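Here the structure comes first, spelled out in structure tokens, and everything after it is commentary.
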Amino acid sequence: MKTLDAIMYHIAGHGVIEALADVLRKNDPEFVESEKKYLAAVEALRRELPVDMQPTLEEYLSAHEKDIISRVAYAGYLGYRVNIDNFHHPVMIDFVHLDTIDYIKDHIIGHFPANDSAAEVCDAFYRAMPEGLKAHHEAIEDYFAHMECSGPKLAHYAGYIIANNILPWVVPGYRADYSQTAAFAAETEKYMGFLPL
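So the sequence shown is numbered by the working numbering: it starts at -4 and just counts up by one.
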């Protein structure tokens, strides 16, 4: 069971946030600044919030994380799926040249029960915050907005690359499409400025 727990930690747990923050910290100077402000805001709220506030600061931060994890996991799954779909129907799949809004299915992402319950907690926390502390809210929102914008795009690419490595073990006859992989890598790097893997 510990193996399953470890896998889930990296696919749908706090490990997603840690890995995403590491990638962004190494590649996005704006994220580094955002993270500094986020950490300062969290520290200030830990000192200044009423001890009996509901929801708690930890519940609020956890809700934000769950929202990001849901978005990243879904985008990674879509990257994996487009890889196998391309194997089965190579003429039909040209997602590399689509806008990211289309291939990440922007109309669906963020509309799962986990996202809805996270939004409820975040809204309740903001409403309960003392007026004088609401300035810290912006720094926290900005930090998670960086993750929300970059995370799904990076996860979609990572899911595709992971599929290149897993599918030969589980799909008879699977062969990676190196032409599409190279095109996807080039588009991702052009858009993001770096590759996550």
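Ideal placement from N, C-alpha and C gives every residue a C-beta, glycine not left out. As the structure is a computational prediction, the values presented were derived from the model and not from experiment.
Own chain, CB closer than 7 Å to H132, minus 5 neighbours either side, in chain order: Y121, M124
Three-state secondary structure assigned by DSSP to T51: Of the three classes helix, strand and coil, the one that applies to T51 here is coil, per DSSP.
Beta-carbon proximity check, L162 vs P191, cutoff 8 Å: Taking 8 Å as the cut-off, the beta carbon of L162 is found no closer than this to the beta carbon of P191.
Nearest neighbour of N78, chosen from T(-2), G127, G154 [CA to CA]: G154
Euclidean distance between Cα positions of S29 and V18: 14 Å
Unbroken alpha helix (DSSP H) run spanning K148, endpoints: 130 to 165
Rounded separation between A180 and Y152 - CA only: When rounded, the distance between both Cα atoms is 8 Å.
Length of the line joining the Cα atoms of A70 and E60: 15 Å
Pair within 8 Å by beta-carbon distance, I224 and E13: Within the shown structure, residues of the chain are numbered from -4 to 192, placing residue 224 beyond reach of any answer.
Beta-carbon proximity list for A177, same chain, < 7 Å, skipping 5 on both sides: none
6 Å CB neighbourhood of F82 in its chain, flanking five on each side removed: Excluding sequence neighbours, F82 sits near Y169.
F139 classed as buried or exposed, judged by whether at least 16 other C-beta atoms fall within 10 angstroms: buried
Spatially closest choice to E184 from N22, D0, F107, Y72, by CA coordinates: For E184, the closest C-alpha among the options N22, D0, F107, Y72 is that of N22.
Beta-carbon proximity check, A109 vs S65, cutoff 8 Å: yes
Under 8 Å between C-beta atoms of V27 and V67: no
Among R76, A35, I6, G105, nearest to A134 - alpha-carbon criterion: A134 has its Cα closest to that of A35, out of R76, A35, I6, G105.
H9, DSSP secondary structure in three states: It is helical.
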